[in-house]
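Each remark here refers to the structure printed beneath this line.
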Amino acid sequence: LKDGSWTVLQLVEALGSCLENTDPRTRGRGIQLLSQVLLQCYSLLQEKEVLHLVLFYENRLQDHHLVIPSVLQGLQALSMCEVLSPGLAVSVLKAIFQEVHVQSLLQLDRHTVYSIITNFMSTREEELKGLGADFTFGFIQVMDGEKDPRNLLVAFEIVRDLIAKNYALGPFVEELFEVTSCYFPIDFTPPPNDPHGIQREDLILSLRAVLASTPQFAEFLLPLLIEKMDSDLQSAKLDSLRTLTACCAIYGQKELQEFLPSLWSSLRREVFQTASEKVEAECLAALHALSACLSRSVLSSDTEDLLDSFLSGILQDCRHHLCEPDMKLVWPSAKLLQAAAGASLRAYHRLTHSVLPLLLEQYTKHTQSSQRRTVLEMLLGFLELQQNWGHVEEDESTLLSLRAPVCSVVFSALTDPSVQLQLVGIRTLTVLGSLQGFLSPSDLELIVDHLIRLALHEEDSQSSEAAMEAAGSLAPIYPKVFSEHMVPRLEEELQSEREEESSRGHCSLQQRCLQGWAAVSTHTSIVRETVPVLLQRLRKMQKGSEAGNVQDVVSVCQSLHRVALQCQQDAEGCWYYHQTVVP
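Under UniProt numbering, the first residue of the sequence shown is numbered 1, with each subsequent residue one higher.
So, in structure tokens, the structure goes:
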């Protein structure tokens, strides 16, 4: 056949006695030989030859069950022929759907059927769509009861294509859902030394892609997910939550509306009760996805604002726990509120309008440093979410109207004896500084004063280092303020001859000045001020005009090194540093 000395029809004639033998085993061997030849030579066939072969093989689908595997192999070869006449793909599939009980076949033969369907879907899409929902129903019958993971991966892919390529599902949406969802959640452990290399995760992801591929499944899938979230099996919980998150990307509020109370109830219960960080994280991701999905819905005058009612329910169940900073439900409640608030600006405004004033009130009400730290950490979480949207909108933002009390709370934390509260205060300060248009000039000056005090005079090195890091983060945003207020103050301290050791014997004031000098050098304009002074100090030490020990020289060099590392992110600063320091 390959060198053209025989035609395929001559081969069929030569095999005639085998193909027409009364013994099914002999017929099977004849068809097997023909099919194996076709699998090697299908690309050489002529259109007319393909037509005759298709008719021959379709007829043989009614033959003895021993013959069927070889018949399917031949049809698989023919399904790859480019010269297949219009209508033959539909004819082959109809014959398979009608004549072959696929699930009674062996795994390999079932796989052959899936391959035939896959081949035709990739090359004869419009023809198959002409079958309408009959094609979907036929495939459902083929797949129903499939157990082998190798075949399931192919079957799931076919279902995904049915949906993604808009094949008609007709009245069979629920049947298609049932025939795939019966595998959820996947319970498969690959056997040891499995040569096929199929992992449980492969099946999980493939099935999830099917279940989350269309809103048409929502009415059947969401009750299933809610049921499996209550499972004692952690793997089932996680799979359900991840599938819900995936669904929210394509659902609208119409699909979710009926199930929102149950979904929220399940998510809340899991976050309040679970000891598993994984389950908690997936619950929060699912809640974020639900809130984002509801936020995308366009509001019209005659539709209920589902987002608003959903968030109201969350507030009702979580808000009061924020008033109990010593109790175990305070953090789960804060995390739930933050997950929902982070989904959209609309959700953020709706929740912070209620939560931020409450947290500020709780900070004032509770006087213990540990309680205040918890409250401030919750407040910090909400402020960090505002960073997602950059600048603060004057007309909508609760935050701007609370600028004075927010700053007051943060400044209070910075002066608290508790180092842990100071550290949260410094982190909060950095976030506030990153919110464009939030801090006033007087706030900024006060911030610089606090950072200098903490960096130079705070006994605890953690607070001192955190203050320097904060200065480095804020200096590029407010270079003028730090250049005019922090740089001169540090220079004054450097020029002084004091070498006071802190009471705990930590590094000297001058060493802290040098560290602070380097830390704040995160903007080119500041680098131009600090580097010359550091170099001048180094030269004085080298010339011996200033009494200094080796540690002082090392401190200056460490500061120059830190500035160099920070300049790597900024071409202008890097160039200036190279020109100034390297010669």
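Virtual Cβ for every residue (Gly too), placed ideally from N, Cα, C. Predicted model only: the values in this text are computed from it and were never measured.
Scanning its chain for C-beta atoms nearer than 7 Å, with the 5 sequence neighbours on each side dropped, one finds around E58 the residues S91, V92 and A95, in chain order. A direct Cα-Cα distance of roughly 13 Å separates Q234 from A281. If you check the CB distance, S79 and Q32 do not come in under 9 Å.
With respect to the 9 Å criterion, L336 and L284 are classified as neighbours on the basis of their beta carbons. Around the beta carbon of D552, a 10 Å sphere encloses 16 or more other beta carbons of the protein chains shown; the residue is thus reported as buried. For I452 and V424, the gap between their C-alpha atoms comes out near 17 Å.
For secondary structure counted as the alpha helix (DSSP H) over 4 or more consecutive residues, the region 177 to 219 holds these complete runs in sequence order: 200 to 211. Comparing C-alpha distances from I186 to each of P195, E175, S5 and L207 shows the shortest one belongs to L207. With respect to H64, R110 sits apart: the two C-beta atoms are not nearer than 9 Å.
Counted as a single uninterrupted DSSP element, the alpha helix (DSSP H) harbouring T398 occupies residues T398 to S401. Counting along the chain, the unbroken alpha helix (DSSP H) around N119 starts and ends at Q107 to T123. Annotation for F438: no alpha helix (DSSP H) segment contains it, and DSSP assigns it neither H nor E. Our two residues, G516 and M541, have alpha carbons roughly 20 Å apart in a direct line. Within the region 304 to 339, the runs of alpha helix (DSSP H) that reach at least 4 residues and sit entirely inside it are, in chain order, 306 to 318. Taken through DSSP and simplified to helix, strand or coil, Y363 comes out as helix. One Cα belongs to F184, the other to L399, and the distance between them is close to 44 Å. Counting along the chain, the unbroken alpha helix (DSSP H) around M143 starts and ends at A133 to M143.
Boundaries for A168: no alpha helix (DSSP H) harbours it, and the DSSP string shows neither H nor E there.
Assignment of T274 by DSSP, reduced to helix, strand and coil, places it in the coil class. Between I314 and L358, the C-beta gap is not smaller than 9 Å, which leaves the two residues out of contact. Rounded to whole angstroms, the gap between the alpha carbons of L345 and C293 is 13 Å.
Using a 10 angstroms sphere on the CB of D239, the tally of other CB atoms reaches 16 or more, which defines it as buried.
A straight-line Cα-Cα distance of about 12 Å links A212 and F156. CA-to-CA, the gap between L34 and E49 works out to about 13 Å.
The region 171 to 181 and the region 191 to 198 do not touch, with fewer than 3 CB-CB distances between them shorter than 8 Å. Boundaries cannot be given for C81, as no alpha helix (DSSP H) includes it and DSSP labels it neither H nor E. Going by C-alpha positions, P532 is about 40 Å away from P405. A straight line joining the alpha-carbon of M121 with that of L128 spans about 7 Å. By the CB criterion at 9 Å, K228 and A218 fall outside the cutoff. Residue E125 holds the alpha-carbon nearest to the alpha-carbon of G87 among H578, H320, E493 and E125.
In this structure, the CA atom of Q338 is about 26 Å from the CA atom of A467. I250 carries a coil assignment under DSSP once its states are collapsed to helix, strand and coil.
When secondary structure is reduced to three states using DSSP, I447 falls in the helix class. For the pair V563 and L534, the CB atoms are nearer than the 9 Å cut-off. Assigned with DSSP and collapsed to three states, H101 falls in coil, not helix or strand.
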